[in-house]
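In full-length UniProt numbering, the protein residues as written are 1 to 427.
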């Protein structure tokens, strides 16, 4: 059949845009219904999207293909589901629309309805033969989508139509519905899934349990529920991180408290040797640092390359955390393994004057040598940190010391052309 003139298509579609359904129904003829309109959509797709059931019925009566697809594989039924057009959904199904046909990514109408929490449509599709366990390309079944998006009624409906094992189904990344409900903080759904046999210790491809995800995202009530279910609170993911590591990393102090009160060791180590206290110090979570230290977290634990929590606080965590660690007897003079830096070397490199002052007040050695025999003064001069250079000099830093290249701090400043530092060091 030859294509219709563009202006003819436009006039027909304009009736839909104007909601002039009477004129639309009068103008549409049998030869129109099998013609692709703009965007590779059929007239039926446009009519469904208009939301007028009478016009949809008219187009169907003229012989429109009820399961025709767009370039992305969307059927008119999927369009109706996306728009929550319940009367039209029923009409399409009564006229032979497939409840199982998927789009290009294998998303069926049921996937979309489950994602949107449209329980009325979910029930209707299931009654018309939709597959409750249909998988799209990434392995997601509708139960994954409903669990992630917090649609409890849809979850209950799907579970009533699925075998018991379905609650443990995994998508391509290995996540179960419980992983997803926990990650997004949907407590009631997590409870429901657990009551239906979900395994709280199931791990995804990164070895994360539902507790890892809920602890990382700060969902206190979900964490509490999972702990009641017998989850292994010491389970480590592919990096060696426990739920406590992740809660500390994100500064979820309340969750850290829950985990510690249930027997979690505050000094468990990741594959690189990091403790939860290392991670909290790195991210500057002062309250979490205090919580972990008060529960036995070791302030002088050496992680990767021997970096302590104090090194990490000087690197990124901030002067408030530096102060808290020093109050807890963190050693200001411990050297890390790769470059021999003390926390004071790190603080000078990062231009953190307040951290430097905290360290000095707790007896940090201002003349400590790293593996290249550079002192904190050498590094402060190199990084053009005049206030820090001044603070070091006021606290007896030795400006005559030579690094491994035979340079004094003055030589370093001259080489870097930091003129104010040069003037300060020459006084």
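Every residue, glycine too, gets a C-beta built ideally from N, C-alpha and C.
query, result
"Residue 273, DSSP secondary structure in three states", "coil"
"Cβ distance (whole Å) where residue 157 is taken to contact residue 119 below 8 Å", "6 Å"
"Cα-Cα separation, residue 97 to residue 77", "7 Å"
"Neighbourhood of residue 334 by C-beta, 7 Å cutoff - its chain only, sequence neighbours within 5 removed", "300, 308 and 342"
"Cα-Cα separation between residue 82 and residue 258, rounded to whole angstroms", "41 Å"
"Nearest candidate by alpha-carbon position, reference residue 202, set 184, 215 and 231", "231"
"Proximity below 8 Å, CB of residue 366 to CB of residue 392", "yes"
"Proximity below 8 Å, CB of residue 289 to CB of residue 325", "yes"
"When 311, 87, 400 and 349 are compared against residue 331, the one with the closest alpha-carbon", "311"
"4 or more residues per run - each alpha helix (DSSP H) lying fully within the stretch 52 to 85", "53 to 61 and 76 to 82"
"Alpha helix (DSSP H) runs contained entirely in the UniProt repeat \"ANK\" (105 to 137), provided each spans 4 or more residues", "109 to 116 and 119 to 127"
"For residue 405, the three-state DSSP class (helix, strand or coil)", "coil"
"Exposure of residue 138, with buried meaning 16 or more beta-carbon neighbours within 10 Å", "exposed"
"Proximal residues to residue 175 (C-beta, below 6 Å), its chain only, five neighbours per side dropped", "204"
"Between the CA atoms of residue 93 and residue 130 - distance to the nearest angstrom", "11 Å"
"Expected contact under 8 Å - CB spacing of residue 376 and residue 348 to nearest Å", "4 Å"
"Cβ shell of residue 154 (< 6 Å), same chain only, five flanking positions each side left out", "114, 117, 119, 122 and 146"
"Residues near residue 420 in its chain [Cβ-Cβ closer than 6 Å; skip 5 each side]", "386"
"Nearest candidate by alpha-carbon position, reference residue 100, set 86, 72, 136 and 71", "136"
"Run of the alpha helix (DSSP H) containing residue 233, from where it starts to where it stops", "Where residue 233 is concerned, there is no enclosing alpha helix (DSSP H), given that its DSSP letter is neither H nor E."
"Buried or exposed (CB count within 10 angstroms, at least 16 for buried), residue 2", "Residue placement at residue 2 is flagged as unreliable, the pLDDT there being 42, under the threshold of 50; the coordinate-derived value follows with that caveat. Classification for residue 2: exposed."
"Integer Cβ distance of residue 350 from residue 315, believed to fall under 8 Å", "6 Å"
"Residue 410: CB within 7 Å of a non-hydrogen atom of the ligand SAH", "This structure simply doesn't include the ligand SAH, nor any ligand for that matter."
"Rounded straight-line distance, which links the Cα of residue 304 to that of residue 313", "15 Å"
"Proximity winner among 296, 281 and 286, relative to residue 265 (alpha-carbon distances)", "296"
"Where residue 254 sits in the DSSP three-state scheme", "helix"
"Same chain, Cβ closer than 8 Å to residue 167, neighbours up to 5 away in sequence not counted", "143, 159, 176, 177, 178, 193, 196, 197 and 198"
"Own chain, CB closer than 7 Å to residue 72, minus 5 neighbours either side, in chain order", "103 and 104"
"Between the CA atoms of residue 425 and residue 410 - distance to the nearest angstrom", "6 Å"
"Outcome for residue 278 when other beta-carbon atoms lying within 10 angstroms are tallied against a minimum of 16", "buried"
"Unbroken alpha helix (DSSP H) run spanning residue 46, endpoints", "43 to 50"
"Contact check, residue 233 vs residue 188, beta carbons under 8 Å", "no"
"Distance between residue 64 and residue 4 (C-alpha atoms, nearest Å)", "With a pLDDT of only 47 at residue 4, under 50, the local geometry of the prediction cannot be trusted, and the value read off the model is given with reservation. Whole-angstrom Cα-Cα distance: 16 Å."
"Counted within 10 angstroms of its Cβ, other Cβ atoms place residue 336 as buried (16 or more) or exposed", "buried"
"Closest Cα partner of residue 418 within the set 42, 223, 389 and 293", "389"
"Between the CA atoms of residue 173 and residue 357 - distance to the nearest angstrom", "47 Å"
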